[in-house]
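>
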Amino acid sequence: MKLPYQPVPPGISIRQLSLNYGQQPLFSQLDLEIAGGAFTALLGASGVGKSSLMRVIAGLTPPCAGQVSGSDGLPLTGRIAWMGQQDLLYPWLTVEQNVCLASRLKGERADRDWAQHLLMRVGLSHSANARPATLSGGMRQRAALARTLYTRQPVVLMDEPFSALDALTRAQIQTLAAEVLVGHTVLLITHDAAEACRLSHYVLMIGSAGIETCPPLPGQPPRAADDIQVLQSQAALQKQLSRIAG
1 MKLPYQPVPP GISIRQLSLN YGQQPLFSQL DLEIAGGAFT ALLGASGVGK SSLMRVIAGL
61 TPPCAGQVSG SDGLPLTGRI AWMGQQDLLY PWLTVEQNVC LASRLKGERA DRDWAQHLLM
121 RVGLSHSANA RPATLSGGMR QRAALARTLY TRQPVVLMDE PFSALDALTR AQIQTLAAEV
181 LVGHTVLLIT HDAAEACRLS HYVLMIGSAG IETCPPLPGQ PPRAADDIQV LQSQAALQKQ
241 LSRIAG
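Taking full-length UniProt numbering, I'd label the letters of the sequence shown as residues 1 to 246.
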């Protein structure tokens, strides 16, 4: 099968963004650039505004002020795919039909060749005709990852998609995600410093005082969890996270 041409994806440009949660200010005049074609982790404790910021980037929540666009100056609308904490697979559809869901919702013919290629990439070719109820948690997240890739969007937003998995399965899916998302602009929300170190080219840390850029990570993702430099980076991130959390 001929794969679609993949141009360099846009980064994410945030300009003078202000956002409240109820009456509580989360960000004020935030300026932020997220690199195109790279995996960036947004690391922070619960309740500091990670998911709120991602919803603004996705166009699901309007900011109080400011704007979000691609680094090419064009809107991100129609160029974003989302992968959340829950897989949200439809139980009455097969795995392949769930992967093709975007076509179904648009009333378009499903691209079964593309879906089958993606299922092969995530190791689920043998489960294409299975129902979600028959899958393990890790297999369901593999299916959700294939569904995210099916739309061929250049920007992928991931809101703690691996947090509910056991440690071994989480490590396996992290490695898979790092491999299949090469060539995309990825923003991953996480509260796990180890996950940020394994998967990311860049790490941003969010706290009550705003967003900080973290020191560069060694090597290229996916990094081995037991690599000494990864463990040292993880410890440094954890210390920084504790500091900015107050």
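The beta-carbon is built from N, C-alpha and C at its ideal position, and this holds for glycine as well.
How would you label Q232, buried or exposed, when you count the other beta carbons within 10 angstroms and need 16 or more for buried?
exposed
> Among P221, S242, L145 and E96, whose alpha-carbon lies nearest the alpha-carbon of T40?
P221
> Give the secondary structure of N129 by DSSP, where H, G and I count as helix, E and B as strand, and everything else as coil.
Look at N129 here: in three-state DSSP terms it is coil, with no helix or strand label.
> So L199 packs on L42, CB below 8 Å; how close in whole Å?
So it is not a contact: roughly 12 Å between Cβ atoms.
> Among residues of its own chain, excluding the 5 on either side of S18, which ones have a beta-carbon nearer than 8 Å to its beta-carbon?
P25, F27, S28, Q29, L30, P63, C64, A65 and G66
> State the DSSP-derived secondary structure class of T77, mapped to helix, strand or coil.
coil
> Use the C-beta contact count for V182: other C-beta atoms within 10 angstroms, 16 or more gives buried, fewer gives exposed.
exposed
> For P25, list the residues DSSP reports as bridge partners.
Beta-bridge pairing links P25 to N20.
> Using 8 Å as the Cβ pair cut-off and three pairs as the minimum, do the segment 82 to 93 and the segment 110 to 121 touch?
Touching, no.
> With distances taken Cα to Cα, identify the nearest neighbour of M54 among L32, P218, I173 and P132.
L32
> Apart from the five residues on each side of it in sequence, which residues of its chain come closer than 7 Å, Cβ to Cβ, to Q174?
Here the set comprises F162, E195, R198, L199 and P222.
> Assign D87 to buried or exposed, taking buried as 16 or more other Cβ atoms, counted over all protein chains shown, within 10 Å of its Cβ.
By the 10 Å Cβ count, D87 comes out buried.
> Just how far apart, CA to CA, sit residue 269 and G47?
Because residue 269 is not part of the residues shown, which for the chain are 1 to 246, the question remains open.
> Enumerate in chain order the residues of its own chain whose CB-to-CB distance from Q229 is below 6 Å, with the five nearest sequence positions on each side excluded.
Excluding positions up to five away in sequence, the list reads P218.
> If you draw a straight line from the C-alpha of E212 to the C-alpha of Q16, how long is it?
16 Å
> For my contact list, V180 and V122 are in at a C-beta cut-off of 8 Å; report their separation, rounded to the angstrom.
7 Å
> Can residue 249 and L187 be called in contact, C-beta distance under 9 Å?
In this structure the chain extends from 1 to 246, so residue 249 is not present and cannot be described.
> My assumption, with CB atoms under 8 Å, is that S13 sits in contact with S52. Please give the rounded CB distance.
About 18 Å; that fails the 8 Å criterion.
> Helix, strand or coil: which one does DSSP assign to L3?
Residue confidence is low: L3 scores 48 on pLDDT, short of 50, so the model does not pin down where it sits. Its coordinate-derived value is still stated next. It is coil, neither helix nor strand.
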